[in-house]
Amino acid sequence: MSDKTRYRRLAAATLTAACLTAAAACAPGGDSGSPKGSGSASPVSTDPAKAGKVTLTVWDQNTDAGTDASTKALNAAFMKKYPNVTIKRVSRSFSDLKTTLKLALSSANPPDAIQANQGYPDMGAFVKAKLLQPVDRYAKVYGWSTAYPQQLLDLNKFSADGKTWKTGNLYGVSQTGEIIGVYYNKAKLKSLGIAPPATLAEFQSALAKAKASGLLPVSYGDSDKSPGIHLFGVVQALTAGKAEVRNLVFDQGKAKWTGSGTVKAAQVLQQWAKKGYLTPGFNGQSADQAASAFAAGKSAFLVDGTWQQATLAQKMGAGKVGFSALAPSSGATPLTQGGEGLAWAVTSKSRHPDVAAAYINFLVDAGGMKASADKGNLPALPPPSWKPAKGTVHADILKEWKAVSQKDGLLPYLDYTTPTFYDTLTAAVQEVTAGQLSPEKFGEKLQADYSSFQQSR
Amino acid sequence: MAVTTPRTPAHKRPAEAPRRRRPAGRRGRIQAKGYLYLLPAFTVLAAFLLVPLGQLVQISLYHWDGLSGSTWAGLANYAEIARSPQLRASFVHSLVLIVFYAVVPTVLALMLAGVTTRAARLRGASFFRAVIFLPQIVAMVVTATAWTAIYAPDGVLNTLLRAIGLKSVTRAWLGDFGTALPAVGLIGTWLEIGLCLVLFISGISQIPRELYEAAKVDGAGAVREFFAVTLPGLRGQITVALTLTVIAALRTFDLVYITTHGGPGDSTSLPAFEVYNRAFSTGQVGSACAIAVVLTLIILLVTYAITKLQPKED
């Protein structure tokens, strides 16, 4: 063998070895540090003042005006009460949080308290990877289990292996509540002689009336893709009913996305688009553009979440805009998509879990809820002392939230269904509203995603 | 991964011929020294490119959600690319983008460059060149946001169309299943045409003037002159332009991320967008890596094919 080939082989061997070392470095994500210390057996210390000097790193998604203001106020109050604690706040928008939180949590120095999105893709995956610790012991001490309605608690529960949702350990509590409903322009409705709609039938006839008068019925912009889930969900809640929707999302029964209620909802949306009830070119317009068009009086209705209330009240005047959650029939409990804000959870590797829990309790106790309400948010547990002025959108929203959350009318967000459901559903809604997909094929597309998730579990 | 064993100049030495009874040690030392010089470059390359690339390939063979333990997948993630109509469509979309990013700008820029050769001397040529090159300098986020506003239902484009009586043509360009992909592609054309034009104009300045004079003497018109002199003289620049623009087309991510999120439906989803989405949003890291590997291979193949156009240096 000549020297030339020998050296060439040597180089090749080195290269191969380098690649193999990289490859043999064990399968990706082999064992992600099991929760250490913080012994769940040790008694809970509820007094952060005794914890010594502590820096608490917290990650939240409270970037919009209302929640940002209340978080700032509460953080300052907490540090004033416990001067030994320094809060290091990292605030990211929802989608930025979703993509970066995974990396932060699996690092060696994760934040202490975080906001985790409910459902399999986020909280489920975190629990499965043992990145969050159960907060049941804190719930007992701080009385969270009795303060929250059962269905709000259940949303933040997971089995210890992260495979079954809404049962097992509690992994967090939420500060805010949210529901999707119909905002309406009071002046426009009055001039058209329409009463605020309370059922799907009333809403549909109101849409027809508005259209006939030449007014755009609904401002809708779906280029960000997420509004599609809300519009579809509001209709599906009423055409499919609460048992069916819950079965679909939580997988408690044998419900299928090809069921008649789901297909009917897709038909309704397709007709709305065809009849010109929705903003023309909605797939090329953003949700923000739609909301500002509604606020500017260019349409009668906007289907959106309670997180829009502060913005709309500011732009239109709190007394000029109303909010209604639709019910299956007149007089029945309204039934709509919604839930609670992201759950405040304690990470497994936190060095100060007791302080983190005390901070979370500070956010969600009566004082925390009051602070949240004061800045124009919808608190998950509205304090009895909080009474928004009559005839404002805030009063409407509080009334509907109480009805929905206390009388079992809350339906889960549909993208909780599978890790890929957000993509599948948002794309399918764009297709069905553009007439590219028949309502039946729409159901089949969703069902295909659902089935492949069931098989992989 | 195209890593060939580096050749040191030592290899080329004709000293190979008299290979009789030489102290092997000495020769070995020289060789080893040669590789030693390569070591710094190789270390950097290995640490920041080869190792991550190896990991990419490795992860692509697993089912992994990015957090908890992974399970061996074999080639399942690759099979999924072949099977899933949505993923296959994303690769087809990027082929369409090549037309808009590479073919159209190159052809247009060639024509424009051909015209500029007729202008003997242009006052403020460098100013125009800077203006033409501007799209390459502006941050993509800004570009994408500006174009979103142009394409919006009540944006500049539709306002213009309405003003000239073409109301029936107006639509949400980025929200319409038929026009979304071409609309994104045209942004690419706008982006890349400046790059091509600047390359070609500088290329033309290197073509000896005598050739043009000779063409003129032979009675060649503008068209004939273009095909006989300008085009052959620009072969090198065309290769560079095509390589850069095709790569830009294949790895487009930010433009789609900002303008359409892959929508409406999946009509503008692209491989790079799917990689991001699967790795960071939907917890399919293995699948994301498999797409990335395939995309890398395609880019390597296509650029290799393009370099075949390059004129031989000797």
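From first to last, the protein sequence lines stand for chains A and B.
UniProt numbering puts the last residue of the first sequence at 457; the count rises by one with no breaks.
UniProt numbering puts the last residue of the second sequence at 314; the count rises by one with no breaks.
Virtual Cβ for every residue (Gly too), placed ideally from N, Cα, C.
Check, Outcome
"Would you kindly work out how many angstroms separate the C-alpha atoms of A:V58 and A:I180, rounded to a whole number?", "28 Å"
"Taking a cut of 7 Å between CB atoms, which residues from the stretch 58-73 of chain B lie near chain A?", "Q58, I59, Y62, W64, D65, G66, L67, S68, G69, S70"
"Quick check: the Cα distance between A:A366 and A:V44, rounded to an integer number of angstroms?", "21 Å"
"With a threshold of 8 Å on Cβ separation, who are the neighbours of A:A160 within its own chain once the five nearest residues in sequence on each side are excluded?", "V127, P134, G168, N169"
"At 9 Å on the CB atoms, spell out the chain A contacts of B:G185, in chain order.", "Those within 9 Å of B:G185 in chain A number zero; the least Cβ separation is about 16 Å."
"For B:Q136, which of helix, strand or coil comes out of DSSP?", "helix"
"Where does B:P264 land, buried or exposed, given buried means 16+ other C-beta within 10 angstroms?", "buried"
"In this structure, does DSSP put A:F78 in helix, strand or coil?", "helix"
"Less than 7 Å between C-beta atoms, sequence neighbours within five positions excluded: which residues of the same chain meet that for A:A327?", "A198, T199, T333, P334, L335"
"Below 7 Å CB to CB, which residues in the same chain sit around A:A210 once its five sequence neighbours on both sides are set aside?", "L192, P217, A300"
"Please look up how many angstroms separate the CB atoms of A:T426 and A:Y450, rounded, as I've assumed it's under 8 Å.", "Going by Cβ atoms, the distance from A:T426 to A:Y450 rounds to 15 Å, so no, they are not a contact pair."
"Give me, in chain order, the residues of the same chain whose beta-carbon lies closer than 7 Å to that of B:V104; leave out the 5 immediate sequence neighbours on both sides.", "T189"
"Quickly, what does DSSP pair B:H63 with across the bridge? List them, please.", "B:T71"
"Could you run through the stretch 281-293 of chain A and flag, in chain order, every residue whose CB is less than 9 Å away from some CB of chain B?", "G281, F282, N283, G284, Q285, S286, Q289"
"Please report the distance separating the alpha-carbon of B:A183 from that of B:L309.", "30 Å"
"Can you confirm whether the stretch 214-228 of chain A touches the stretch 268-281 of chain A when touching is taken to mean that 3 or more C-beta pairs between the two stretches lie within less than 8 Å?", "yes"
"If distances are taken between C-alpha atoms only, which option among A:A313, A:K186, A:K163 comes closest to A:S292?", "A:A313"
"Do A:I397 and A:T306 have their C-beta atoms within less than 8 Å of each other?", "yes"
"With a threshold of 16 other CB atoms inside 10 Å of the CB of B:A305, please say whether the residue is buried or exposed.", "exposed"
"Using a Cβ cut-off of 7 Å, pull out every chain B residue sitting near A:S106, in sequence order please.", "L67"
"Quick check on the DSSP output: what are the complete alpha helix (DSSP H) runs of length 4 or more inside the stretch 169-235 of chain A, in order along the chain?", "186-192, 200-212"
"Just list the beta strand (DSSP E) runs in the stretch 341-416 of chain A, keeping only unbroken ones of 3 residues or longer that don't cross its boundaries, in chain order.", "343-347"
"Under a Cβ-count criterion, where at least 16 other Cβ atoms within 10 Å of its own Cβ denotes burial, should residue 315 of chain B be classed as buried or exposed?", "As shown, chain B starts at 1 and ends at 314. That puts residue 315 of chain B outside it, with no answer to give."
"Taking A:Q436 as the query, report the chain B residues whose CB atoms sit under 7 Å from its CB, ordered along the chain.", "F177, G265"
"Tell me, please, whether the CB atom of B:W190 is closer than 8 Å to any CB atom in chain A?", "no"
"In terms of residues, what are the limits of the beta strand (DSSP E) holding A:V44?", "No beta strand (DSSP E) contains A:V44, which DSSP labels as neither H nor E."
"CB-CB under 8 Å to A:P35, same chain, minus the five flanking residues each way: which ones, in chain order?", "The pLDDT assigned to A:P35 is 46, lower than 50, so where the model puts this residue is not dependable; a value taken from the coordinates is nonetheless given after this. K130, Q133, S348, K349, listed in sequence order."
"If we count Cβ pairs, one from each stretch, closer than 8 Å, do we get three or more for the stretch 235-248 of chain A versus the stretch 405-414 of chain A?", "yes"
"Quick check on the DSSP output: the beta strand (DSSP E) that includes A:I114 runs from which residue to which?", "113-116"
"For the stretch 237-263 of chain B, which residues have a CB atom closer than 9 Å to at least one CB atom of chain A, in sequence order?", "T259, T260, H261, G262, G263"
"Flag this pair as touching only if the stretch 260-275 of chain A and the stretch 427-437 of chain A have three or more C-beta atom pairs under 8 Å; answer yes or no.", "yes"
"Which bits of chain A does B:A222 rub up against, with CB to CB less than 8 Å?", "Going along chain A, no residue has its Cβ under 8 Å from B:A222, so there is no contact; the nearest lies around 42 Å."
"Residue ranges of each alpha helix (DSSP H) run of no fewer than 4 residues wholly in the stretch 205-245 of chain B, ordered along the chain?", "209-217, 222-225"
"Using the three-state DSSP reduction, which class does A:V135 fall into: helix, strand or coil?", "coil"
"Quick one: is B:V240 buried, meaning 16 or more other Cβ sit within 10 Å of its Cβ, or exposed?", "buried"
"Flag A:F158 as yes if its beta-carbon sits less than 8 Å from any beta-carbon of chain B, otherwise no.", "no"
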